[in-house]
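**Q** The structure under discussion is supplied below as structure tokens; questions concerning it will follow.
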Amino acid sequence: MRSFRPAVLLIVTVLAACDNVQWGGGDWHVVPPPPPSGMTEIQPDATEFMDLGLPRAPVLFHVTRGERGATLLPIAELSGDTLRAIRRPAGVAPEAFESRFREAVLRPGAQYTLYRRGAPVGTFTVQGQGPVTPCGVPTATGIVTTVAAASGVPEFLAFQRGLGPEIRADYNPPQITGSMSRYASIVAERLVLQAGLPRPRSWPGAQRDLKAFEVLQGADPEMAATYLSGDRLGVGPAEPGGYSVFYIADYETRRGYQPIYSEVRNYDKAGGKAAPRLVDHLNMNGQGEQEILVQVYGPAQSWYELIHRDSRGRWVKGWQGQPCPGGATPPAR
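Residue numbers (the working numbering): 265 to 597.
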């Protein structure tokens, strides 16, 4: 049995969500970067930030790399011990919100610290304007530079330089082990049968994602897996009778990998498709607790969710964000 150490798993919500998520510790201060040369600096006061719905605290970003370069996607802002979704207020014109948001958060030349598996691994530098998301939040394009070990990593978490956690750790991600490969489909099969669902045609064929990560003390890392039947891991419709299995499992010496959190969703009975996958984890407040970002794909939308450890030591879903229309297939591994 692994030793118990309090930890929190975070699956952060999508941009359009309106609920708040709580976690402890940390005082944050936002200092907007200076404007690029040749630009007239405009300093919105606190009232204007509030009126325009602009972030007033550090913003958590999801950075992905693709064939056309890297994209910086704002997810949510941190404020004290809360997480607040980023969204345009109803009374603010889309053009005004986009302009001021880019000016305050996504200025050309601004740099962002990249994190992977809980460690700083590089920098994202804004070069251009990305599209506005279906939730109405601007994105940015730019260049990613990383340590050699992270050169092939397709996605990261990020904070604007100087506003993220100060973590002194080397990037040494755990690898998928033989035990993980052996147990992954065994765990999924147990969950499927417990839910009264039919087995897929092939367990290897149903496995869409398997990742190793480490947020608990112990000799063996945790694993997160996604299995789908009659579906693909991305935004789009599923086949009739489709379902998803997502779980996080910890290793026990006598029993092997056992799920510490799981979701089995029968699309036909649960209101439609929801296919989760693990993105990454990070000690966001630098005070010893890990949070994890998971992205969920629906038939026409994508969103982020929160899982955390409650006061009784159980892994539970703490918050689900409001889906936004659209969304991309996850980055290639």
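Every residue, glycine too, gets a C-beta built ideally from N, C-alpha and C.
Determine the contact status of N598 and A459, defining contact as a CB-CB distance below 9 Å.
**A** Given that the chain is displayed from residue 265 to residue 597, the structure contains no residue 598 and the question cannot be resolved.
**Q** What residue does the beta strand (DSSP E) around S493 start on, and which one ends it?
**A** Per DSSP, S493 belongs to the beta strand (DSSP E) from E486 to S493.
**Q** Report the rounded CA-to-CA distance for F510 versus P358, giving the unit in angstroms.
**A** Approximately 36 Å, taken between the alpha carbons.
**Q** Quick check on this structure: which residue in P594, P587 and P595 has the alpha carbon closest to the alpha carbon of C399?
**A** Nearest C-alpha to C399: P587.
**Q** With DSSP as the reference, label Q375 as helix, strand or coil.
**A** Three-state result, Q375: strand.
**Q** Between the C-alpha atoms of E419 and S566, what's the straight-line distance to the nearest angstrom?
**A** Going from the Cα of E419 to the Cα of S566 covers about 16 Å.
**Q** Which one or two residues does DSSP pair with A419 in a beta bridge?
**A** In the sequence as displayed, the identity of residue 419 is Glu instead of Ala. T328.
**Q** Less than 7 Å between C-beta atoms, sequence neighbours within five positions excluded: which residues of the same chain meet that for T304?
**A** At T304, the pLDDT of 40 sits below 50, so the modelled position is not reliable; the number obtained from the coordinates is stated separately. Once the five neighbours on either side are set aside, T304 has no close Cβ partner at all.
**Q** Rounded to the nearest angstrom, what separates R380 and L316 at their Cα positions?
**A** So the alpha carbons of these two residues sit roughly 32 Å apart.
**Q** Please report the Cβ distance between Y568 and G585, rounded to the nearest whole angstrom; I am assuming they are in contact, meaning their Cβ atoms lie under 8 Å.
**A** Y568 to G585, Cβ: 6 Å. Contact.
**Q** Are the region 411-425 and the region 369-388 touching, with three or more C-beta to C-beta distances below 8 Å?
**A** As far as the Cβ criterion goes, the region 411-425 touches the region 369-388, which means the pair count is three or higher.
**Q** Distance, Cα to Cα, T389 vs I431?
**A** When rounded, the distance between both Cα atoms is 20 Å.
**Q** Helix, strand or coil for Y511 per DSSP?
**A** Three-state DSSP puts Y511 in a strand.
**Q** Ends of the beta strand (DSSP E) at P384?
**A** Note, P384: beta strand (DSSP E), A383 to V396.
**Q** How should G535 be labelled, buried or exposed, when 16 other C-beta atoms within 10 angstroms of its C-beta is the threshold for buried?
**A** Its Cβ having fewer than 16 others within 10 Å, G535 is exposed.
**Q** I need the DSSP call for E341, collapsed to helix, strand or coil.
**A** E341: strand per DSSP, three-state reduction.
**Q** According to DSSP, is S449 helix, strand or coil?
**A** Reduced to three states, the DSSP call for S449 is helix.
**Q** Less than 8 Å between the CB atoms is what I'm expecting for I339 and F325, so what's the real figure, rounded?
**A** Yes, they are in contact, since the Cβ atoms of I339 and F325 sit about 6 Å apart, within 8 Å.
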